[in-house]
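Reviewing the structure listed below.
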Amino acid sequence: MRTKQFKSESKKLMDMMINSIYTHKEIFLRELISNASDALDKLYFKSLTDSNVGIAADEFQIEIVIDKEARTLKIIDNGCGMTEDELDKNLGTIAKSGSFNFKQENDKIDNVDIIGQFGVGFYSAFMVSDKVTVESLAYGEKEAFCWESEGAEGYTVSPCDKTGVGTTVTLHIKENTEDEKYDEFLDQYKISALVKKYSDYIRHPIKMAFTTKEPVPNDDKDAPTEYKDVTEIRTLNSMVPLWKKSKTELKDEDYNNFYKDKFYDYNDPARVIHYKTEGQATYDALLYIPKQPPFDYYTKEFEKGLQLYSKGVLIMNKCADLLPDYFSFVKGLVDSEDLSLNISREMLQHDSQLKLIAKTIEKKIKNELEKMLKDDREAYEAFFKAFGVQLKFGVYNDYGMHKDVLKDLLIFRTSKEKKYATLKEYVENMKEGQDTVYYACGETDEKIEMLPQTDAVKEKGYEILYLTENVDEFALMMLGEYDGKKFMNICDDKLELDSEDEKKALETENEANKAMLDLMKEAVGDKINAVRFTNKLKKHPVCITSEGGISLEMEKTLNSMPGAADNKVKAQLVLEINASHPIAEKLKTLFKDDSETLKKYSKLLYDEACLIGGAGVPDPVEHSNLVCELMTNGI
Ligand code: ADP
């Protein structure tokens, strides 16, 4: 028999596990019971359609056997078992290898986190054992196999003579050390308490032979009481799935432990939604809104979905149809009375019950988020930092079909102390006569505050929404308006803050200087559509605005999307000159006396406007030559 090596990442994890200083070693039991329960589910599921299985529904069970002398703890199930090949594959590589890659990329995350975060499953057995033996007979196979390992050195797989279908995991419990009392994992009371704590809801019975001392009846009242050992088989778990219990029975801790165990999160959830419905659709739902996105949430590997149970039996691990994309961060499960156990994926998609359930789930999640927004602003803001992008994509996607569901869940930082506001709050705070919701885009709040237009809008007493994420402006465009108030980018050329008289005066000024402005536009070239005087700038000499609905930020985002290379979008830009800045007079003089210098100034002013707008100078060499010329000749 040859000793096989663990796949390299498993080996590292194994090292970590064996040498862990992890204080929660006890979770190994939960992990092994959970594996056994899954194996029972698989075979039970099969037994519904395959009479050859030959195990009655109430015979599926997990048994725990303690042998203090031999220092072994056995977890025995009569589930689906593993073939030779499966023993090798499943226990020779870490199942969730994605999690390990993540760990390597993020060295900050220490061992404790990785164990807590991903639930390392079977490997946790090595936190308490110096040897682990797994004997298994897979359903439908004739020969049983035994997997054995003493840790990082490797493992062996060889035939063995187990008879019944299922798996026996034997842990050879470590000797006590100065700091660690491994003995407690051979104590029936401790094991029983651990089962109660972590695995109470497992729907198969977890049985253990319990030995207690009972007084021996004696007629002689004066004789000292004698005790004898009485052994009885007890079922340690209540077997009622957590979601079937009533809310009053459950503590936050129960909900949170269940969540962390089942959905591999190391944080408590932000919110729990637990409800039952009867009537059109009869089902229980237990939903969780996480605090933080899982590491793969914003990647294409992420799969949304809720666990789907039919009368307590898991029929699908990730039922995507139960969650809309914009709530894809929600974890949880649905247990329905009405679904058939043998329903196929294709049939599920067209199942009207399921559609009904999905509709209610969407409403419940929305209500919960609204409640959180109202009652616990701080928590909501933290939630929004983690998942707000998803809600904003939800507004934008499907041609805005879901925008009404989501619009009141959006929050944006605003120019008022850079606090978050909902669109409703913004509109309620609008100045009298204000009919527009103003927003500005930039990489950061600081960059937005440096935009030339920001000061002017603020000075008028208007609040500005600060949009710092690519999707933001697209979401607002999709909304179009809120409560009858349209949205406007402060960098849009249509931004008008002037009175009628001021507007008239500006129009006259632009008319009077048309020839000069045209010449300036020609000097800058195709990069802009026009040059104009403006009143909307305070201290800045120039700014860039866009006309025709596509802003500079949108241009950047659209052109960075995959496939955009052949089909570039272009914002229609206008170079605006502050009519009351000294530079305006200088330009007019140059137009009369020295049009060549005016052309150079035009280019420089355009560059300046780009710089202030956060876009960078399009031709740095030309810019630098012009500035040098200016310094040398004083043009
Ligand atoms: P996970 O359970 O998260 O997939 P584990 O490392 O705990 O990861 O287990 C790896 C795999 O080994 C399981 O997915 C399952 O296929 C198999 N397995 C573990 N324990 C058992 C068992 N008692 N019976 C049958 N298969 C098992």
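Read left to right, the sequence shown gives residues 1399 to 2033 (our numbering).
Ideal Cβ placement from N, Cα and C applies to all residues, glycine included.
This structure is a prediction, so every number in the text was calculated from the model and none was measured.
Per DSSP, reduced to three states, the secondary structure at Arg1775 is helical. The alpha-carbon separation between Asn1574 and Pro1603 amounts to approximately 30 Å.
Across the set Val1835, Gly2011 and Tyr1797, the C-alpha of Val1835 shows the shortest separation from the C-alpha of Gly1882. Taking C-alpha positions only, Ile1862 is separated from Lys1814 by approximately 8 Å. Membership of Ser1813 in any alpha helix (DSSP H) is not indicated, and neither H nor E is assigned to it by DSSP. Ser1644 is the residue among Ser1644, Tyr1653, Ile1948 and Glu1699 whose C-alpha sits nearest the C-alpha of Thr1675.
Asp1486 has its alpha-carbon roughly 20 Å from the corresponding atom of His1570. Closest in alpha carbon position to Gly1452, among Lys1689, Ile1755 and Tyr1442, is Tyr1442. Secondary structure of Leu1427 (DSSP, three-state): helix. Between the beta-carbon of Leu1427 and that of Tyr1596 there is about 7 Å, and that keeps the pair under the 8 Å contact cut. The closest heavy atom of the ligand ADP lies 7 Å or more from the beta carbon of Glu1841.
Per DSSP, reduced to three states, the secondary structure at Thr1623 is coil, with no helix or strand assignment.
The closest heavy atom of the ligand ADP lies 7 Å or more from the beta carbon of Leu1634.
Taking 7 Å as the cut-off, the C-beta of Asn1957 does not count as close to any heavy atom of the ligand ADP. For Tyr1673, the pairing in a beta bridge is given by DSSP as Ala1683.
If you check the CB distance, Gly1552 and Gln1403 come in under 8 Å. Secondary-structure assignment with DSSP links Thr1932 through a beta bridge to Asn1976. Separation of the CB atoms of Lys1912 and Leu1971 is rounded to 19 Å, and the pair is thereby denied contact status at 8 Å. It is roughly 34 Å from the alpha-carbon of Glu1779 to the alpha-carbon of Val1967. The beta carbon of Thr1531 sits no closer than 7 Å to any heavy atom of the ligand ADP.
DSSP places Pro1613 inside the beta strand (DSSP E), whose first and last residues are Ile1604 to Val1614. Taking the Cα of Glu1541 as reference, the smallest distance to any Cα among Thr1566, His2021, Met1480 and Glu1823 is reached at Met1480. Taken in chain order, the complete beta strand (DSSP E) segments of 3 residues or longer contained in the segment 1529-1605 are 1542-1547, 1553-1558 and 1564-1571.
Lys1822 has its alpha-carbon roughly 8 Å from the corresponding atom of Tyr1880. Taking the CA atoms as reference points, Ala1777 sits about 17 Å from Asn1654. Straight-line spacing of the CA atoms in Asp1483 and Tyr1537 works out to 13 Å. In the three-state reduction of the DSSP assignment, Asp1843 falls in the helix class. Of Arg1669, Gln1690, Asn1635 and Ala1683, the smallest CA-CA separation from Tyr1662 is found for Gln1690. One Cα belongs to Thr1943, the other to Lys1805, and the distance between them is close to 27 Å. About 7 Å separates the Cβ atoms of Val1567 and Val1530, confirming a contact at the 8 Å cut-off. Here Phe1700 is exposed. Its C-beta has fewer than 16 other C-beta atoms within 10 Å.
Proximity of the segment 1789-1804 to the segment 1714-1728 meets the contact definition, three or more beta-carbon pairs being nearer than 8 Å. The shortest CA-to-CA distance from Thr1610 to any of Phe1785, Lys1619 and Ile1631 is the one to Ile1631. Taking one beta carbon from each stretch, the segment 1831-1851 and the segment 1940-1959 have 3 or more pairs nearer than 8 Å; the two touch.
In the three-state DSSP reduction, Ile1759 falls in the helix class (H, G or I).
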